[in-house]
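Report on the structure given below.
2 protein chains.
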Amino acid sequence: MVTINDVAQHAGVAASTVSYVLSGKRTISETTRARVMASIRTLGFHPHAGARALASNKANVIALALPFRQGMHLPVLMQFATAVVTAARAADHDVLLLTADEGAAGVRRIANSAMVDGLILMDVETHDPRVPTLRELDRPSVLIGLPASADGLTCIDLDFTGAGELCVNHLAGLGHKRVALLGAPQAVYDRDTGFARRTRDGVLTAARSLNVHAVARPCEPTYAAVLRELTALPNVTGLIVHNEAAVDHALTALRTLGRRIPDDVSVVAICPDEVAERATPELTSVPIPATEVGQRAVELLMSKLDGNTTASVTLLTPRLTVRSSTGPA
Amino acid sequence: MVTINDVAQHAGVAASTVSYVLSGKRTISETTRARVMASIRTLGFHPHAGARALASNKANVIALALPFRQGMHLPVLMQFATAVVTAARAADHDVLLLTADEGAAGVRRIANSAMVDGLILMDVETHDPRVPTLRELDRPSVLIGLPASADGLTCIDLDFTGAGELCVNHLAGLGHKRVALLGAPQAVYDRDTGFARRTRDGVLTAARSLNVHAVARPCEPTYAAVLRELTALPNVTGLIVHNEAAVDHALTALRTLGRRIPDDVSVVAICPDEVAERATPELTSVPIPATEVGQRAVELLMSKLDGNTTASVTLLTPRLTVRSSTGPA
DNA sequence: GCCGATCGTCGAAGCGCTTCAACAATGGGT
DNA sequence: ACCCATTGTTGAAGCGCTTCGACGATCGGC
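The listed protein sequences correspond, in order, to chains A and B.
According to this note's numbering, the stretch in the first sequence is residues 1 to 329, in order.
According to this note's numbering, the stretch in the second sequence is residues 1 to 329, in order.
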């Protein structure tokens, strides 16, 4: 292994000088800097992460706690993860992967071992058992999702209530009077996962204020279940689907029931653009801005690591893209 | 922060004794061990990962390089990842997440900084640019997938050739004489990704030796593309689908074309059980044993970290589960 | 032409842990 | 009763890096 001393010797300077060249925490003459950099390159020097963490009290690593739970749509999760890793790397940090298995204990272990400087928790539930642990730990952290109380925490998420409202507004604007929300599986509501409920609340609230009749139905993502639900809702002319795995099934089921899109029923989905664009017909949709959420989460965390305080809750404004699955009532 | 010295003082022993209690590398009397453990618990001591890495020259962290590329089925990727993290934790290691963005440079950086003890690369292509880097780095590593040459490497994967053969054998055994493989998007073959080609080869080889007529078609996972392909194959009575995102589309398309499953056409899919079971009808399938591959990959890596040598290629035997989508010709 | 500031560099201390050599205290074997 | 092994514990060295205080050199101001 090539150490900072090897570099120093090769460049004819002190080890501390090499360190300062690398960190920029002291002014270094241009000539020295160039000489050191050259030595670093020829020797192929990479600082030892452990030594660095020990001496500087910073690991330059953040933890990402992914849930891997049933009912979450995995591609979106991956988008989050990719965005987080990419953004973290841009800020010179690496990402340690944590799964739900270890739960609160894992969070505690990682934080106490000084292995990470901060953490990002994904898919936070309304009553998430990891949140109390996080509070007592006082390591900088960012939550994706909204727990019951965000006091003293930093949370970020899509404004799902707003997304639900947006869908209803769009349909109401087209003249639809009877709409339905095809939601997540019952298990997701039972688990108290915020985003599913918030969407439902948004839909119902907006419908009430616009004098639109709305029903919200949980739904398993199987063709049979979707068909059953849609068969039971013959009068609905506007359908909001907030369940990615059920989107294709819903389209097939409507086709089977002889209901044309958008002539007989307008469909708007809350799902990634990718899913909306691949469907036939292409779906009017409110995308979940996974990449943006991931990036913002990292930004917030880095800001906290720099000692800044941040807003306790950041809600991203939902946007609706009109495609060919919605039309006048 | 509570250090090993705090623990030592609290327990009335030397710091080295605490270290030996933790590592078990020296015999310690039961009474001392108990006293030390008690102190550790009361003080809430967690060893500093950086210090440990520095002193012992082991980070107890492995890197997992995920591709996040188009054409990979993400839920399977997540299964891999979960299995890897879980297995690694069981072996007292954490997992650092690497994405494809950084490519070979990322692999080099991580390895040289002593941040990880070994690496697992997922979705390795036939001519993967990371492989040469890995070779010169000489850190223990395990590849999931098969590069052109596995010499001196440790690779593990499902035997996709065998999976293709297995599907054809099953269909031929039911009396089918004309079969088709609906494969991955063209881009995946172009990229020289091994698994797609190996499946195709297995299908074609088995068909030839069983005197079955077979065609293999790449396919985009859109309803329109799938419908087009299936319309162009009116005589086929056995369909093999190796493209998870296209599975549902294929079933819908067959239904639309008025071809009943399994009466008119038998369908066998190479996909996770989850997808096969959710489909209507439930699909005869060859699952990709993501969890097992992940576990085995970690086992192999741990073995290498312990200084053992391992087989250069491990291929897992595919298994076919018969469900209701296949029947006699 | 002298003094204080500024700039660039250095040496040494120390981060928290592991591990090695060494030593004290036992416990048979003879 | 003596010696040698074994067992249990210790102190100290050192892993590779950052950072602090110090020091010589350069420079502008009077």
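Ideal placement from N, C-alpha and C gives every residue a C-beta, glycine not left out.
### Query
Considering only residues of the same chain and omitting the five flanking positions on each side of L158 of chain B, which have a CB-CB separation below 8 Å?
F195, I288, P289, V293, L315, L316, P318
### Query
Counting only beta-carbon atoms, is R278 of chain A nearer than 7 Å to chain B?
yes
### Message
Suppose you measure from the CA of P272 of chain B to the CA of A245 of chain A; what does that come to, to the nearest Å?
### Response
15 Å
### Message
List, from N- to C-terminal side, the beta strand (DSSP E) runs of 3 residues or more that fit wholly inside the region 132–164 of chain A.
### Response
141–144, 155–158
### Message
So with CB distances below 8 Å, who are the chain A contacts of E136 of chain B?
### Response
The premise fails here: E136 of chain B is roughly 11 Å from chain A at the closest Cβ pair, so nothing lies under 8 Å.
### Message
Could you compute how far the alpha carbon of H213 of chain A sits from the alpha carbon of A269 of chain A?
### Response
18 Å
### Query
When the distance is taken between beta carbons, is V265 of chain A closer than 7 Å to L239 of chain A?
yes
### Message
Do D138 of chain B and L305 of chain B count as a contact pair if the criterion is CB distance below 7 Å?
### Response
no
### Task
In the DSSP assignment, find the unbroken alpha helix (DSSP H) run with G106 of chain B in it and report its ends.
103–112
#### Entry: Contacts that V293 of chain A makes with chain B (C-beta to C-beta distance below 9 Å)
Within 9 Å Cβ-Cβ: nothing; V293 of chain A doesn't reach chain B, min ~16 Å.
### Task
Using a Cβ-Cβ cut-off of 7 Å, state whether N169 of chain B counts as contacting chain A.
no
#### Entry: Own chain partners of V76 of chain B with C-beta closer than 8 Å, once the 5 adjacent residues on each side are dropped
E244, P272, I288, A290
#### Entry: chain B contacts made by the region 219–230 of chain A, where a contact means CB separation under 8 Å
P221, T222, Y223, A224
### Query
From T252 of chain B to L98 of chain B, what does the alpha carbon distance come to, in whole angstroms?
37 Å
### Task
Tell whether a beta-carbon distance below 7 Å holds between G106 of chain A and G50 of chain B.
no
### Query
Does the Cβ of L283 of chain A have 16 or more other Cβ atoms within 10 Å, making it buried, or fewer, making it exposed?
buried
### Query
What are the residues of the region 110–138 of chain A that lie near chain B, defined by any Cβ-Cβ distance shorter than 8 Å?
I110, N112, S113, A114, M115
### Under 7 Å between C-beta atoms of V21 of chain A and L43 of chain A
no
### Query
What residue does the alpha helix (DSSP H) around G238 of chain A start on, and which one ends it?
First-last for G238 of chain A: 238–241, but that is the beta strand (DSSP E), not the alpha helix (DSSP H).
### Members of the region 86–104 of chain A near chain B, C-beta cut-off 7 Å
T86, R89, D94, V95, L96, L97, T99, D101, E102
### Query
Is A180 of chain A near V236 of chain A, with beta carbons less than 7 Å apart?
yes
#### Entry: Three-state secondary structure assigned by DSSP to G194 of chain A
helix
### Message
Which residue marks the beginning of the beta strand (DSSP E) containing R178 of chain B, and which one marks its end?
### Response
178–182
### Query
By the 10 Å Cβ neighbour count, where 16 or more other Cβ atoms means buried, how is P234 of chain A classified, buried or exposed?
exposed
#### Entry: CA-to-CA distance, L301 of chain B to S56 of chain B, given in whole angstroms
19 Å
### Query
Can you tell me the Cα-Cα spacing of R26 of chain B and V247 of chain A, whole angstroms?
60 Å
### Message
Please list the terminal residues of the continuous alpha helix (DSSP H) segment that includes A65 of chain A.
### Response
Here A65 of chain A belongs to no alpha helix (DSSP H); instead the beta strand (DSSP E) covers 61–65.
### Message
For a cutoff of 7 Å on Cβ pairs, would you count A393 of chain B as touching chain A?
### Response
Since the first residue shown for chain B is 1 and the last is 329, residue 393 of chain B is missing from the structure and cannot be characterised.
### Task
Would you check if the distance between the CB atom of L171 of chain B and the CB atom of S141 of chain B is smaller than 7 Å?
no
#### Entry: Segment limits, beta strand (DSSP E) that includes D94 of chain A
94–98
### Query
Roughly how far, in whole angstroms, is the beta-carbon of A250 of chain B from the beta-carbon of L230 of chain B, given that I think they are within contact range, below 8 Å?
7 Å
### Contact set between the region 315–329 of chain A and chain B, restricted to residues whose Cβ is under 9 Å from the partner
none
### Message
Let's test the definition: count the other Cβ atoms within 10 Å of the Cβ of T309 of chain B and tell me whether it reaches 16, buried, or not, exposed.
### Response
exposed
### Task
Please report how far the alpha carbon of H242 of chain A lies from the alpha carbon of E277 of chain A, in whole angstroms.
16 Å
### Message
Within 7 Å of any Cβ in chain B, is that where the Cβ of A49 of chain A sits?
### Response
yes
### Query
Could you give the distance in angstroms between the alpha-carbon of V267 of chain B and the alpha-carbon of Q186 of chain B?
21 Å
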